[in-house]
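Residue numbers (the UniProt record's numbering): 1 to 592.
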């Protein structure tokens, strides 16, 4: 079953050999203010990894980049509370986030930070070019000032009531409840997160991005480019454009961030605003990746337009829905102002993962038990987490996280359907055929139908993944595992071997071809178990180096003793694991 709330996917049709393309997979930058939780993984981090792994196997030239946003004000807030420098806290948290992402199997080509010399250089060059081309201007505005702390307050140092929806804990830059971007000056009953005092408005001078000047070009681009976007994203963007864009400040009164590249003493105590430098991170990370390879111009293959103005491939930006304004409006506007660089092809923003109906946020405390990634990876296998977060992904609507449902789907689908089919098949091969793939006899109708199902699954799953319908793609793959179980139940080679050994051998050979296909089909979604199965089928090397195509398992191959793919979670074990978890409550924010 596919999701009717997402754009339709054309049924796969036979086509000539697929031509490789350049695919940029740009992944949301998490604030280095604390560990990420499962809501972040479901919304912004597991989906791009699935997408990138598939495209590599499909033969495309993939560049998957991201990094830790070290300049966000949540970092300085958290550092102030601990009494340590912001850099020290950011670097500590970056190491933890990077380790969690590695444990979850995220296959970045580069995961970096916004503290690198390359990022500072690229950000300052971007600022300078926009200024030279007339898309930045200076203006004086009123900003929030804490009279007790005697300092201007960055947006996230101010909280108050949202003027649009009345939510009482809106941040100075955005309301978590309605998703509107805000200016702290607009908050009702504002309060300083530094001192609790009521801030006052004072004048300060900053640079602004002239979004109204870029709006006509943005409107034309959205009209032509958004047909394949998720309806919620396209609708949100059109709504913003219909309201009319306002110029947006890109500098702030801070001492933590990228310095403003101007020889003007007025700006020595100011820095480039974090939202501006964070989105430039996709470009700077690509440049850094190329420099690390010793090919400093290599990044251009994913970014530079040709002489006719055509992009070199497709750029996908994976984010949560609260970051749609920055990635589907402001970043494209910045790219237009810069000139010569590819605009997003798609911004497949996910909705929110909730728990007991509440939106997950690492800055709020819940009574429900939800692990941060370090805890989750200590308690559960990475593939079990990836499976549930994908099969329950909030692609078109908010979805609720349930431990009971996590246990049920792990035990029924991963263990009971997929794992069971593989285990009983490979165990039977060991016990009755000495672990050697048998020679098939004449294929029957059910055998041919099962083999045809392999080709159909590859084509259908490919179409869904390319449309960023990852939940439906995984369901399609798991449907093949279910069909394999039914085939084995009907063929029952453990029975027919007594009276029709040739028929049993044919059934076994057919089923083994399906298992061989499943290690390829599951590799983007479940990389660890796919690698285990790859070894159990007698193959060496990296399963992800295989092409996205059926892989025959030849008769006569001797297979090693199979290793289990998944583990069952019983009630007592799950209860014990959950007792180790604490409620969410680390003071940090949603990732950029």
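For glycine and all other residues, C-beta sits at the position ideal for the given N, C-alpha and C.
Report the rounded CA-to-CA distance for residue i versus residue j, giving the unit in angstroms.
| i | j | result |
| --- | --- | --- |
| residue 236 | residue 396 | 13 Å |
| residue 560 | residue 538 | 6 Å |
| residue 595 | residue 91 | Coverage of the chain is limited to positions 1 through 592, which leaves residue 595 absent and any answer about it impossible. |
| residue 366 | residue 265 | With a pLDDT of 43 at residue 366, under the threshold of 50, the modelled position of this residue cannot be trusted, and the question is left open. |
| residue 391 | residue 501 | 39 Å |
| residue 167 | residue 144 | 20 Å |
| residue 24 | residue 73 | 28 Å |
| residue 463 | residue 545 | 20 Å |
| residue 231 | residue 346 | 12 Å |
| residue 334 | residue 372 | 34 Å |
| residue 521 | residue 477 | 6 Å |
| residue 452 | residue 129 | 55 Å |
| residue 364 | residue 274 | Residue placement at residue 364 cannot be trusted, given a pLDDT of 49 that sits under 50; what the coordinates show is reported in the next sentence. Distance between the alpha carbons of residue 364 and residue 274: 22 Å. |
| residue 156 | residue 172 | 5 Å |
| residue 260 | residue 151 | 19 Å |
| residue 101 | residue 35 | 10 Å |
| residue 277 | residue 133 | 18 Å |
| residue 57 | residue 547 | 5 Å |
| residue 576 | residue 570 | 10 Å |
| residue 170 | residue 246 | 20 Å |
| residue 131 | residue 418 | 57 Å |
Checking 9 Å against the spacing of the C-beta atoms, do residue i and residue j come in under that value?
| i | j | result |
| --- | --- | --- |
| residue 104 | residue 470 | no |
| residue 467 | residue 513 | no |
| residue 518 | residue 480 | yes |
| residue 506 | residue 425 | no |
| residue 381 | residue 528 | yes |
| residue 76 | residue 288 | no |
| residue 208 | residue 279 | no |
| residue 566 | residue 383 | yes |
| residue 509 | residue 564 | no |
| residue 401 | residue 355 | yes |
| residue 272 | residue 174 | no |
| residue 311 | residue 283 | no |
| residue 258 | residue 114 | yes |
| residue 557 | residue 415 | no |
| residue 562 | residue 536 | yes |
| residue 38 | residue 530 | no |
| residue 299 | residue 317 | no |
| residue 550 | residue 404 | no |
| residue 106 | residue 62 | no |
| residue 78 | residue 89 | yes |
| residue 446 | residue 413 | no |
| residue 256 | residue 71 | yes |
How would you call residue i, buried or exposed, if buried means at least 16 neighbouring beta carbons within 10 angstroms?
| i | result |
| --- | --- |
| residue 339 | exposed |
| residue 193 | buried |
| residue 50 | buried |
| residue 248 | buried |
| residue 458 | buried |
| residue 578 | exposed |
| residue 162 | buried |
| residue 263 | exposed |
| residue 593 | For residue 593 there is no data in the structure shown, the boundaries of the chain being 1 and 592. |
Between the Cα of residue i and the Cα atoms of the options, which residue gives the shortest distance?
| i | options | result |
| --- | --- | --- |
| residue 176 | 320, 29 and 486 | 320 |
| residue 181 | 313, 324, 564 and 301 | 324 |
| residue 305 | 292, 281, 336 and 329 | 336 |
| residue 423 | 407, 533 and 440 | 533 |
| residue 188 | 164, 412 and 196 | 164 |
| residue 394 | 78, 472, 185 and 436 | 472 |
| residue 574 | 499, 417, 436 and 379 | 379 |
| residue 110 | 135, 543, 291 and 300 | 291 |
| residue 147 | 408, 200, 18 and 220 | 200 |
| residue 429 | 418, 548, 492 and 405 | 492 |
| residue 285 | 497, 455, 116 and 132 | 116 |
| residue 315 | 308, 82 and 302 | 302 |
| residue 48 | 494, 108 and 246 | 108 |
| residue 408 | 568, 576, 93 and 245 | 568 |
| residue 160 | 138, 136 and 186 | 186 |
| residue 234 | 98, 431 and 219 | 219 |
| residue 307 | 341, 267, 499 and 178 | 341 |
| residue 95 | 226, 112 and 225 | 112 |
| residue 496 | 485, 449 and 432 | 432 |
| residue 139 | 410, 406 and 210 | 210 |
### Task
Would you check if the stretch 66 to 77 and the stretch 16 to 36 touch, i.e. whether three or more CB-CB distances between them fall below 8 Å?
Taking a cut-off of 8 Å on C-beta distances, the stretch 16 to 36 touches the stretch 66 to 77, as three or more cross pairs fall below it.
### Task
Would you check if there are 3 or more beta carbon pairs closer than 8 Å linking the stretch 36 to 54 to the stretch 336 to 350?
yes
### Query
Taking three-plus beta-carbon pairs below 8 Å as touching, is the stretch 228 to 248 in contact with the stretch 204 to 219?
Using a C-beta cut-off of 8 Å, the stretch 228 to 248 makes contact with the stretch 204 to 219, since at least three inter-stretch Cβ pairs fall below that distance.
### Message
Check whether the stretch 196 to 208 and the stretch 246 to 263 are in contact - that is, three or more C-beta pairs closer than 8 Å.
### Response
yes
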